[in-house]
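To convert, count from 1 in the sequence shown and add 61; that's our numbering.
Just so it is clear, CB atoms sit at the ideal spot from N, CA and C, and this is done for glycine as well.
The structure displayed is predicted, hence computed values, not measured ones.
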Amino acid sequence: MTALGSIMLGTRDPDRLHRWYTAVLPPDSDDVQGDYRILGYGGFYLFIDARDDVQESHPDPARTLLNFDVDDARAVVERMEAAGTTWVAPLDDRGGSLFATAQDPDGNYVQVIQLSPEDLAQMQANQTGTRPPVGMVVGEVFSGFSVDDLAAARSFYADTLGLRVDTGPEAMPLLFLDAGGRKILIYEKGEAHAPANYTVLNLPVLDVEAAVRDLAERGVEFLRYDGMDQDDLGISRGGGPLIAWLKDPAGNVLSVIERG
Numbered sequence: 062m063t064a065l066g067s068i069m070l071g072t073r074d075p076d077r078l079h080r081w082y083t084a085v086l087p088p089d090s091d092d093v094q095g096d097y098r099i100l101g102y103g104g105f106y107l108f109i110d111a112r113d114d115v116q117e118s119h120p121d122p123a124r125t126l127l128n129f130d131v132d133d134a135r136a137v138v139e140r141m142e143a144a145g146t147t148w149v150a151p152l153d154d155r156g157g158s159l160f161a162t163a164q165d166p167d168g169n170y171v172q173v174i175q176l177s178p179e180d181l182a183q184m185q186a187n188q189t190g191t192r193p194p195v196g197m198v199v200g201e202v203f204s205g206f207s208v209d210d211l212a213a214a215r216s217f218y219a220d221t222l223g224l225r226v227d228t229g230p231e232a233m234p235l236l237f238l239d240a241g242g243r244k245i246l247i248y249e250k251g252e253a254h255a256p257a258n259y260t261v262l263n264l265p266v267l268d269v270e271a272a273v274r275d276l277a278e279r280g281v282e283f284l285r286y287d288g289m290d291q292d293d294l295g296i297s298r299g300g301g302p303l304i305a306w307l308k309d310p311a312g313n314v315l316s317v318i319e320r321g
């Protein structure tokens with residue numbers, strides 16, 4: 062199987078390019094590895110590389126476009142306007158789907174796309190070769206689970222685990238975890254909440270032992286199961302990927318699992 066997982070932009074001014082992308086198209090993750098700045102967008106990665114063998118501005122920007130699927134194209138356009146962006150094609154409503162094309166500071170073409178539910182459903186049908194039932198799924202499927210205290214959940218998932226957490230509408234006690242571009246719903250049930258005794262969320266990490274030690278320093282206790290081959294840290298080493306289990310403040314079971 063071959064999968065396209067990233068694209069690299071060579072630039073004379075990586076700091077300028079990095080500032081622009083993080084300001085107008087905030088990534089899910091923002092890492093530095095060696096000389097690379099790596100921005101994560103829903104499982105796809107944009108590498109920014111400092112190079113002295115490229116021109117200051119892209120000589121043929123129409124050849125390659127970076128397409129970004131967004132939830133709110135108008136908000137992205139406003140951020141681009143505030144950044145003084147040069148427009149190639151202003152925001153255009155094409156039968157309910159929104160498109161706009163701009164240039165980043167190096168002149169690369171960047172297109173933002175907000176598909177209508179109808180166009181998104183049609184695209185999914187084209188990809189799978191099936192026709193979705195009328196009134197059924199028109200977007201990405203997402204999961205959810207309950208907690209007894211939304212404020213405690215927000216603090217744990219945002220501050221302890223370091224995940225991006227968004228709140229729902231003011232009148233609705235909801236949280237949304239941003240899991241690599243996919244949303245996971247957390248809702249409050251108060252005293253009616255019953256903790257899940259199965260793993261509701263798996264968190265992939267590069268180094269399980271480092272992650273367990275870091276979380277333990279933050280006060281997280283790891284679970285132990287009878288008959289499970291777990292080391293002193295609580296990491297299962299009995300075959301398969303390295304994994305350790307923990308609970309959120311509501312008692313739901315989570316895991317950190319080493320990504321192969």
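{"Asked": "If you follow the beta strand (DSSP E) that VAL208 is part of, which residue opens it and which one closes it?", "Found": "205 to 208"}
{"Asked": "Judging by CA-CA distance, which residue of ALA257, ALA255 and VAL266 is the nearest neighbour of LEU224?", "Found": "VAL266"}
{"Asked": "Starting from TYR82, trace the beta strand (DSSP E) in both directions and tell me its first and last residue.", "Found": "Careful: TYR82 lies outside any beta strand (DSSP E), inside the alpha helix (DSSP H) at 75 to 85."}
{"Asked": "Can you tell me whether MET141 is buried or exposed? The criterion is at least 16 other CB atoms within 10 Å of its CB, across all chains shown.", "Found": "buried"}
{"Asked": "Here's a check: name, in chain order, each residue in its chain whose Cβ is nearer than 6 Å to the Cβ of VAL173, leaving out the five neighbours to either side.", "Found": "PHE129, VAL131, ALA134, VAL137 and ALA161"}
{"Asked": "Over what stretch of residues does the beta strand (DSSP E) that includes ARG274 continue unbroken?", "Found": "Note, ARG274: premise wrong, no beta strand (DSSP E); alpha helix (DSSP H) at 269 to 278."}
{"Asked": "Using a Cβ-Cβ cut-off of 6 Å (strictly less than) and excluding sequence neighbours within five positions of LYS244, which residues of its own chain qualify?", "Found": "PHE203 and PHE237"}
{"Asked": "In chain order, what residues of the same chain lie with their CB nearer than 6 Å to the CB of ASN263, ignoring the 5 residues before and after it?", "Found": "SER316 and ILE318"}
{"Asked": "Expressed to the nearest angstrom, what Euclidean distance is found between the alpha-carbon atoms of LEU181 and LEU86?", "Found": "21 Å"}
{"Asked": "What number of angstroms, rounded off, separates the C-alpha of ARG285 from the C-alpha of MET69?", "Found": "43 Å"}
{"Asked": "Taking MET141 as part of the alpha helix (DSSP H), name the residues at either end of that continuous run.", "Found": "134 to 143"}
{"Asked": "Can you look up ASP91 in the DSSP assignment and give me helix, strand or coil?", "Found": "strand"}
{"Asked": "Does the region 271 to 290 come close enough to the region 298 to 314 that 3 or more CB-CB pairs lie under 8 Å?", "Found": "yes"}
{"Asked": "Between the C-alpha atoms of ARG80 and LEU100, what's the straight-line distance to the nearest angstrom?", "Found": "11 Å"}
{"Asked": "Specify the secondary structure class of GLU319 as computed by DSSP and reduced to three states.", "Found": "strand"}
{"Asked": "Starting from ALA64, trace the beta strand (DSSP E) in both directions and tell me its first and last residue.", "Found": "Per DSSP, ALA64 belongs to no beta strand (DSSP E) and is neither H nor E."}
{"Asked": "How many angstroms separate the CA atom of GLU252 from the CA atom of ASP209?", "Found": "6 Å"}
{"Asked": "Provide the residue span of the alpha helix (DSSP H) that contains ALA214, from first to last.", "Found": "211 to 215"}
{"Asked": "Can you check which of these residues, ASP167, PRO166 and LEU176, is closest to LEU152 by C-alpha distance?", "Found": "LEU176"}
{"Asked": "Confirm, please, whether the CB-CB distance from ARG77 to PRO166 is below 8 Å.", "Found": "yes"}
{"Asked": "Is any heavy atom in the ligand ZN found nearer than 7 Å to the beta carbon of ASP239?", "Found": "Absence of the ligand ZN from the depicted structure is noted, as is the absence of any ligand whatsoever, leaving it without description."}
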